[in-house]
Amino acid sequence: MFKRILSASFVLLALQAFASEVEVEKRACPNIHVFGARETTVPPGYGTAGVVVNLVLAAYPGSTSEAINYPACGGQASCGGVSYASSAVQGVAAVASAVNSFNQQCPDTQLVLVGYSQGGQIMDDAFCGGGDTNEGLSSTAIPISTAALNKIAAAIFMGDPRFVHGLSYEVGTCQAQGVICPSSSWIRLPQRFQNSSYCDAADPYCCNGSDANTHQGYGTEYGQAALTFIKSKLSAAGTGTTSPTGTGPTTTPPSSTPTGGTAAHWDQCGGIGFTGPTVCAAPYTCQASNPYYSQCL
């Protein structure tokens, strides 16, 4: 009997030690957490969405971010040959999974979504619901949980193929119509005025233009406007710069603001109109994604 009691005591101590180790690994939940989704064919990371992601991180010290992990492909060999439709459907699921998981671990943290091009489309689909028949997304349900939706302070879509001119949250010169969240789905959203979508007339992907450079220029053209919009929504939500109580995920955010004159892994390091650090922290190098955005990879 004594041996059984002693054995049970050892098991209890071991479980307590394991629990303590888990608690040590957890970090305090941030006040603000940003999700970024890159455009098609861009290597894993934020892509051009990183312009706005990093503006938010710089404006709110202590905030964190993470890139949505999805194919970001349109059938090109460089991204594995995954079709655009399959990539988008996987992307919507990835957005919902990342947002819901983070919200479960940090239920008091305010969330910001930033999506660029295909990244904007998957954010749009996940945030608004209603399905996306063009890509084979048949479910009309909003895949982000109600609890997480209530903590999304702002959502930024840039060059989103689902852009539609004439709605209150649309910004830019595009006057073309496209696929958008059905009204029945939009009405269900408690924060129906929390997003802002950017598209100009010359853009061939979110509008009916023919200038691909326009599609890649929204970070430079509208980055500060997007930051102002995000700040207004965070302010309305009563968000400051201190961290709320609680613990969060154990993963290290894949991006941080530049320090010491160098750009960290995943940060922007170049591009037309960029004025920040152009040297990457070792062992990373600055690699161009397009004329408007280079990233430390």
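Take the sequence shown: its letters are residues -21 to -1, 1 to 276, numbered as in mature numbering (1 follows the signal peptide of the UniProt record, and there is no 0). Where is the CB? At the ideal position from N, CA and C, for every residue including glycine.
*Determine the closest residue to Ile11 out of Cys85, Ser65, Cys275 and Gly250, with distance taken between C-alpha atoms.*
For the purposes of this step, residue 11 is taken as residue 32 along the sequence shown, with counting starting at 1. If we check each option's Cα against that of Ile11, Cys85 comes out closest.
*What's the gap between the Cα of Gln170 and the Cα of Val13?*
Against the sequence shown, residue 170 aligns to sequence position 191. Against the sequence shown, residue 13 aligns to sequence position 34. With a pLDDT of 45 at Gln170, under the threshold of 50, the modelled position of that residue is not reliable, and the figure given next carries that caveat. C-alpha separation (whole angstroms): 17 Å.
*Look up His144 in the DSSP assignment and say whether it is helix, strand or coil.*
Taking the sequence shown and counting its residues from 1, one reaches residue 144 at position 165. When DSSP states are grouped into helix, strand and coil, His144 belongs to the coil group.
_Assuming contact is defined by CB atoms lying nearer than 7 Å, are Ser62 and Gly54 in contact in what I supplied?_
Taking the first residue of the sequence shown as 1, we reach residue 62 at position 83. Taking the first residue of the sequence shown as 1, we reach residue 54 at position 75. Cβ atoms of Ser62 and Gly54: closer than 7 Å.
*asked:* Just verifying my parser: in three-state terms, what is the DSSP assignment at Glu200?
replied: Here residue 200 corresponds to residue number 221 of the sequence shown, with the count starting at 1. In this structure, Glu200 counts as helix in the three-state DSSP scheme.
*asked:* Tell me which residues share the same chain as Gly151 and place their Cβ nearer than 7 Å to its Cβ, disregarding the 5 neighbours each side in the sequence.
replied: For the purposes of this step, residue 151 is identified with residue 172 of the sequence shown, where counting begins at 1. Tyr177, Cys178 and Asp179, listed in sequence order.
*Cβ shell of Ser175 (< 7 Å), same chain only, five flanking positions each side left out*: In the sequence shown, the residue the question calls residue 175 occupies position 196. If we look at Ser175 and ignore the five residues flanking it on each side, its Cβ neighbours are Ile135, Tyr148, Val150, Ala205 and Phe208.
*For Thr257, which of helix, strand or coil comes out of DSSP?*
The residue you call residue 257 lines up with position 278 of the sequence shown. It is coil, neither helix nor strand.
*asked:* I want to know whether the stretch 20 to 39 touches the stretch 91 to 99 - three or more CB-CB distances under 8 Å.
replied: yes
_For Ser44, the residue or residues it bridges with in DSSP_ = Numbered from its first residue, the sequence shown carries residue 44 at position 65. Looking at the DSSP assignment, Ser44 forms a beta bridge with Val13.
*Can you grab the Cα-Cα spacing for the pair Asn129 / Thr119, in whole Å?*
The count along the sequence shown starts at 1 and reaches residue 129 at position 150. The count along the sequence shown starts at 1 and reaches residue 119 at position 140. Going from the Cα of Asn129 to the Cα of Thr119 covers about 19 Å.
*Kindly indicate the opening and closing residues of the beta strand (DSSP E) around Gly249.*
Sequence index remark: in the sequence shown, residue 249 carries index 270 (1-based). First-last of the beta strand (DSSP E) with Gly249: Gln247 to Gly249.
*Decide if Pro40 is buried, meaning its Cβ has at least 16 other Cβ atoms within 10 Å, or exposed.*
Indexing the sequence shown from 1 puts residue 40 at position 61. Burial call: exposed.
*What residue from Ile101, Pro122 and Cys186 has the CA that sits closest to Val143's CA?*
Reading the sequence shown from its first residue, position 164 is the one you call residue 143. Comparing Cα positions, the closest option is Cys186.
_Alpha-carbon to alpha-carbon, Gly99 and Gly249_ = Translated into positions along the sequence shown, residue 249 becomes position 270. Translated into positions along the sequence shown, residue 99 becomes position 120. Taking the straight line joining both Cα atoms gives about 22 Å.
*asked:* Measuring only the C-alpha atoms, how far is Arg17 from Gln266?
replied: Sequence index remark: in the sequence shown, residue 17 carries index 38 (1-based). Sequence index remark: in the sequence shown, residue 266 carries index 287 (1-based). Going from the Cα of Arg17 to the Cα of Gln266 covers about 15 Å.
*If we count the other Cβ atoms within 10 Å of its Cβ and call it buried at 16 or more, is Gly240 buried or exposed?*
Reading the sequence shown from its first residue, position 261 is the one you call residue 240. Looking at its Cβ environment, which holds fewer than 16 other Cβ atoms inside 10 Å, Gly240 is exposed.
*May I have the straight-line CA-CA distance separating Gly217 from Ser273, to the nearest angstrom?*
Numbered from 1 along the sequence shown, position 238 holds the residue referred to as residue 217. Numbered from 1 along the sequence shown, position 294 holds the residue referred to as residue 273. Each residue's Cα considered, the two are about 34 Å apart.
_CA-to-CA distance, Pro50 to Cys8, given in whole angstroms_ = To locate residue 8, count along the sequence shown from 1; it is residue 29. To locate residue 50, count along the sequence shown from 1; it is residue 71. Distance between the alpha carbons of Cys8 and Pro50: 28 Å.
*Can you tell me where the alpha helix (DSSP H) with Asn129 in it begins and where it stops?*
Position 150 of the sequence shown, counting from 1, holds the residue named residue 129. No alpha helix (DSSP H) contains Asn129, which DSSP labels as neither H nor E.
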